[in-house]
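In full-length UniProt numbering, the protein residues as written are 1 to 356. Here's the structure, in structure tokens; my notes come after.
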Amino acid sequence: MMKGLKKWRLFSLLAVMTVFLSACGEDYISTLKPAGAVGKEQLNLLLFSITIMALVVIVVSFLYLYAFVKFRRSKQGENHMPKQVEGSHTLEVIWTVIPIILLLILAVPTLISTYKLADVKAMDEVDEEGNKSALTVNVTAKLYWWEFEYPEQGIVTAQELVVPTGEKVYFNLKAADVKHSFWIPSIGGKMDTNVENVNKFYLQFDEESKDLEEGVFFGKCAELCGPSHALMDFKVKTLAPEEFENWVASMQATEGQTASADSADLGEATFANSCLACHAVSGVGASGAMGPNLTTFGDRNRVAGVLEHNKESLEKWITDPESVKPGNLMTGKYGELSEEEISAVADYIMSLSVEE
Numbered sequence: 001m002m003k004g005l006k007k008w009r010l011f012s013l014l015a016v017m018t019v020f021l022s023a024c025g026e027d028y029i030s031t032l033k034p035a036g037a038v039g040k041e042q043l044n045l046l047l048f049s050i051t052i053m054a055l056v057v058i059v060v061s062f063l064y065l066y067a068f069v070k071f072r073r074s075k076q077g078e079n080h081m082p083k084q085v086e087g088s089h090t091l092e093v094i095w096t097v098i099p100i101i102l103l104l105i106l107a108v109p110t111l112i113s114t115y116k117l118a119d120v121k122a123m124d125e126v127d128e129e130g131n132k133s134a135l136t137v138n139v140t141a142k143l144y145w146w147e148f149e150y151p152e153q154g155i156v157t158a159q160e161l162v163v164p165t166g167e168k169v170y171f172n173l174k175a176a177d178v179k180h181s182f183w184i185p186s187i188g189g190k191m192d193t194n195v196e197n198v199n200k201f202y203l204q205f206d207e208e209s210k211d212l213e214e215g216v217f218f219g220k221c222a223e224l225c226g227p228s229h230a231l232m233d234f235k236v237k238t239l240a241p242e243e244f245e246n247w248v249a250s251m252q253a254t255e256g257q258t259a260s261a262d263s264a265d266l267g268e269a270t271f272a273n274s275c276l277a278c279h280a281v282s283g284v285g286a287s288g289a290m291g292p293n294l295t296t297f298g299d300r301n302r303v304a305g306v307l308e309h310n311k312e313s314l315e316k317w318i319t320d321p322e323s324v325k326p327g328n329l330m331t332g333k334y335g336e337l338s339e340e341e342i343s344a345v346a347d348y349i350m351s352l353s354v355e356e
């Protein structure tokens, strides 16, 4: 008897914890607090499906309890024989037709949403001047960082996706090495990035991120891709359309910007000699760089996607990247830099910014 009571106490505790934990989640990363039209539609579809399934559970549970109480042997007697319904066409029709109806109720809105959210024809539409009318971003997933190219604007950035609010943003998704998966939980469902083919979909960002606790939405890799999969984050900064245009103009103004090996600044000279081969400091260019574009590094809120955005974290990353992200491609390349050079190059990288 006591063992049974303990089990019920544990069950009750778990039930209470489930209720409280279901309310957990921050706006910048929770699928249950969508900040975009796609996420809201997917959440509504999820809630609709849960409602249908809950209704089935309630009805079946009621019938079970009703039969359990009404036809118990102590009430009907030892010699009572229930009515035999084997071969009843009525019952067979009921338990065949009802599930079909429920499946259709679930399938119809699911299929409508699936085809609607997969419609990317507007990606190729052009205006009277021949320019694409929709914003398109080419996303390339790499071990263990993200590259974002805006082909119509001629700019490239990394680790931080910047998009306007109130309009559909279309994505071409691919991977440079192994399979990854692009996911912004607060905005919409994930989509795989493959090496062999390009996947396409769109998202809509309805809220500006500046009012969030960290000023950005969080993006994740949702496909196990290696030892640092859990650390393969990116951030999403959503701006009002006019602010986005200002950001694009600021990025375009960095065309030709580079670091000089002859600079009197030790940080810039060290960067030019040791880092520039892999990391660009101009937002204008093509995708495909060995390392992340650092043009907007000073505007980010994380180092390597996961560390606090400060000089100490950056020095740690430069000194020993393997301790932060095992298996990353920067590992073991900076052992010859002195502490003075590491400090100077960290100051230089932290100074890279396009935002006022």
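Virtual Cβ for every residue (Gly too), placed ideally from N, Cα, C.
| message | Quick check on T114: does DSSP put it in helix, strand or coil? | response | helix
| field | Buried or exposed by the 16-neighbour rule on C-beta atoms within 10 Å, applied to L143 | value | buried
| request: Output the distance between the C-alpha atoms of S274 and E336, rounded to the nearest integer angstrom. | output: 10 Å
| Can you tell me where the alpha helix (DSSP H) with Q42 in it begins and where it stops? | A37 to K70
| request: Sort W317, Y202, S323 and Q159 by Cα distance to S113 and report the nearest one. | output: Y202
| said: I'd like to know whether the C-beta atoms of G267 and V345 end up nearer to each other than 8 Å. | reply: yes
| Would you report the Cα separation of E315 and I342, rounded to the nearest angstrom? | 6 Å
| request: Kindly give me the distance between the Cβ atoms of F218 and D206, rounded to whole angstroms, as I take these residues to be in contact under 8 Å. | output: Going by Cβ atoms, the distance from F218 to D206 rounds to 17 Å, so no, they are not a contact pair.
| Inter-stretch contact (C-beta, 8 Å, three-pair minimum) for the region 186-193 and the region 244-264 | no
| said: Looking at the secondary structure, which residues open and close the beta strand (DSSP E) in which E160 lies? | reply: E160 to P164
| query | Do the CB positions of V139 and T238 come within less than 8 Å of each other? | reply | no
| said: If you reduce the DSSP assignment to three classes, tell me which class H279 lands in. | reply: coil
| query | Between V248 and Q153, what straight-line distance do the alpha-carbon atoms span, to the nearest angstrom? | reply | 7 Å
| request: Can you give me the start and stop residues for the alpha helix (DSSP H) that M232 sits inside? | output: Per DSSP, M232 belongs to no alpha helix (DSSP H) and is neither H nor E.
| Leaving out the 5 sequence neighbours to the left and right, which residues in its chain are closer than 6 Å to H279 when beta-carbon positions are compared? | G291 and L294
| Bridge partners of N310, per DSSP? | Paired residues: none, contrary to the question.
| query | When you compare each of V57, E78, V303 and V126 to L102 by their alpha carbons, which one comes out closest? | reply | V57
| request: Measure the CB-CB distance between K235 and R302 and report whether it falls below 8 Å. | output: yes
| Closest by C-alpha distance to residue 416, when choosing among W146, T258, V156 and L13 | A query on residue 416 cannot be resolved here, the shown segment of the chain reaching from 1 to 356 and no further.
| message | So if DSSP puts S181 in a beta bridge, which residue, or which two residues, is it bridged to? | response | D192
| Through-space distance from K83 to S74, alpha-carbon basis | 17 Å
| query | Beta-carbon separation of P99 and L45 under 8 Å? | reply | no
| message | In this structure, how does DSSP classify T270 when only helix, strand and coil are distinguished? | response | helix
| By Cβ distance below 7 Å, which residues in the same chain neighbour N199 in space, the five residues on each side in sequence not counted? | L173, M191, D192 and T193
| request: Check the DSSP bridge columns for I155 and list the partner residues they point to. | output: Y150 and V284
| field | Residue range of the alpha helix (DSSP H) that includes V248 | value | P241 to Q252
| message | Using a Cβ-Cβ distance cut-off of 8 Å, determine whether F48 contacts chain D. | response | Included in the structure is just one protein chain, with no chain D present.
| task | Check whether the Cβ atoms of L91 and V97 lie closer than 8 Å to each other. | result | no
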